[in-house]
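Remarks on the structure that follows.
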Amino acid sequence: MIAVPLATAASQLKDPHAAVAELARKLDDSLGGRQRLGGVLFFCSADYPLPALGQALADAFGEVAVSGCTTAGEITPEGYARGSITAIGLARSDFALAQVLIDDLSGFDLPRAQTLSDELLARCREQAVAPVMGNSFALTLLDGLSSSEEQVLATLDAALGSIPAFGGSAGDDNRLAHTYVYADGVFHDQAAVVVVINTRLPFEVISTHHLTPLADKLVVTAVDRDSRRVLELNAEPAAEEYARLAGVAPEALEEAVFARCPLAVRIGEAHYVRSIQRVNADASLSFYCAVETGIVLTAMQATPILAQLEQRLAEVEARLGPPALTIGCDCFLRRMEIEALGLEAEASRLLRHHRVIGFNTYGEQHHGMHINQTFTGVVIGQRRLAADGTGGQDGA
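Each number in my numbering corresponds to the 1-based position in the sequence shown with 1296 added.
As structure tokens, then:
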């Protein structure tokens, strides 16, 4: 049997022990045995009984590092799915993993972030897969309803320095009630998991969206910062002013409208989406990202969503060669748009072709920024590293 550097698997079985057993069997078969497994990443529906699922994962994989989170939809080897669990198995011959749980998000400061970062990198060095610098990236998974992403990500990015980072906020099948991350055999809320992955294979971290700016602007004139709630836009009730921009009645505002008429903040030459979560009874708008008084929100319009993603992935693969795997964090609002356009089958074909495994998120993360309505991830190539040990890359 030819050894492979990684494996993917998924299960639609509803019993947590049966689902995990199916995952473990598929990963073992693909990698050539449990002894080759160096780490597991998984993404699961919040419909599973999570305590039982957590125990099943701990029992099945033992001492192997396992990290994951709940989702707003899964990306499996066959494409989009719901109510399932999907997983990635990384061979210890080609990957070193180190993970840590952050269970005090509000108290996460730079000294703690630096200690955490140093510990993760040291643990990767001990496994001696490849030189850490230039051959490592970080994956962050956060409780999607914690409202702590901005602080944690900016602090962690400062500590990681040149290590490229991406990730996603956990979902709960669009219920907006309870989201969880998994580490150390247990699902946690109000927490984050940071995984540093060191690899022999070339890679590139990416972030992309299909939205372009319009001329329409909205100025945030009143906010409740702690709750990410915008009270006024252009000195008018936020829901009423946004509804005017979207061309609908305030009572018609819903997720489909938010997906179709997104808002973004301009930083430098780029626009970063700030998605609306819901309308509140007082005509305020709750956002998935932090929004400050005085910022200008630009109305955005969509370009063809699948064509743009195909182009971006093809650009990366032209540099790296055919992908061994792409780990993708894909905003759930993007999936809603794809479903509204009747493009689910085409999207799944695209994801299969580019070997994307991942999940639909309540927010995406790239280089310390918390963003929305984007696809972020890492494309991992198949080519071996050059003789000098270099190969890891990062792309905007």
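Every residue, glycine too, gets a C-beta built ideally from N, C-alpha and C.
Residue nearest to residue i in terms of C-alpha spacing, selected from the options
i            : options                : result
residue 1353 : 1331, 1478, 1463       : 1478
residue 1473 : 1586, 1590, 1368       : 1368
residue 1556 : 1598, 1518, 1575, 1533 : 1598
residue 1589 : 1561, 1596, 1615, 1621 : 1561
residue 1563 : 1642, 1667, 1348, 1375 : 1667
residue 1678 : 1543, 1619, 1636, 1633 : 1619
residue 1651 : 1496, 1376, 1425, 1430 : 1376
residue 1484 : 1496, 1409, 1441, 1512 : 1441
residue 1359 : 1378, 1371, 1463, 1331 : 1331
residue 1362 : 1336, 1346, 1426       : 1336
residue 1345 : 1325, 1309, 1371       : 1309
Proximity of residue i and residue j at Cβ, strictly below 8 Å
i            : j            : result
residue 1508 : residue 1671 : no
residue 1437 : residue 1466 : yes
residue 1659 : residue 1568 : no
residue 1364 : residue 1339 : yes
residue 1461 : residue 1397 : no
residue 1490 : residue 1573 : no
residue 1384 : residue 1319 : no
residue 1612 : residue 1433 : no
residue 1621 : residue 1302 : yes
residue 1601 : residue 1373 : no
residue 1541 : residue 1512 : yes
residue 1446 : residue 1566 : no
residue 1638 : residue 1482 : no
residue 1418 : residue 1496 : no
residue 1549 : residue 1515 : no
Residue environment, residue i, which counts as buried when at least 16 other CB atoms sit within 10 Å
i            : result
residue 1411 : exposed
residue 1692 : Bear in mind that the predicted position of residue 1692 carries a pLDDT of just 45, short of 50, making it unreliable; the figure below should be weighed with that in mind. Its Cβ having fewer than 16 others within 10 Å, residue 1692 is exposed.
residue 1329 : exposed
residue 1592 : exposed
residue 1458 : exposed
residue 1594 : buried
residue 1617 : exposed
residue 1314 : exposed
residue 1649 : exposed
residue 1626 : buried
residue 1307 : buried
residue 1607 : exposed
residue 1439 : buried
residue 1697 : In the structure displayed, the chain extends from 1297 to 1692; residue 1697 sits before or after that span and is not available.
residue 1422 : exposed
residue 1413 : buried
residue 1510 : exposed
residue 1633 : buried
residue 1409 : buried
Beta bridge counterpart(s) of residue i as assigned by DSSP
i            : result
residue 1503 : 1672
residue 1656 : 1626
residue 1568 : 1561
residue 1395 : 1491
residue 1677 : 1619
residue 1606 : Its beta-bridge partners do not exist; DSSP assigns none.
residue 1528 : 1518, 1533
residue 1706 : A question about residue 1706 goes unanswered here, because the residues of the chain that appear run from 1297 up to 1692.
residue 1338 : 1364, 1383
residue 1370 : 1377, 1655
residue 1632 : Beta-bridge pairing links residue 1632 to no other residue.
residue 1598 : 1507
residue 1665 : 1662
residue 1306 : 1382
Beta-carbon proximity list for residue i, same chain, < 6 Å, skipping 5 on both sides
i            : result
residue 1546 : 1535, 1536, 1539
residue 1664 : 1449, 1450, 1453
residue 1316 : 1352, 1353, 1356
residue 1348 : 1312
residue 1631 : 1369, 1656
residue 1501 : 1433, 1460, 1462, 1674, 1690
residue 1525 : 1580, 1582
residue 1464 : 1625, 1657, 1660
residue 1378 : 1369
Cβ-based neighbour list, residue i, same chain, cut-off 8 Å, excluding 5 preceding and 5 following
i            : result
residue 1264 : Residue 1264 lies beyond the stretch modelled for the chain, which goes from 1297 to 1692, so this question has no answer here.
residue 1522 : 1443
residue 1605 : 1504, 1506, 1646, 1671
residue 1642 : 1602
Proximal residues to residue i (C-beta, below 7 Å), its chain only, five neighbours per side dropped
i            : result
residue 1480 : 1397
residue 1558 : 1507, 1569, 1571, 1596, 1669
residue 1636 : 1552
residue 1528 : 1517, 1518, 1534
residue 1420 : 1392, 1394, 1428, 1432, 1492, 1494
residue 1554 : 1571, 1572, 1629
residue 1614 : none
residue 1327 : 1300, 1303, 1333, 1385, 1387
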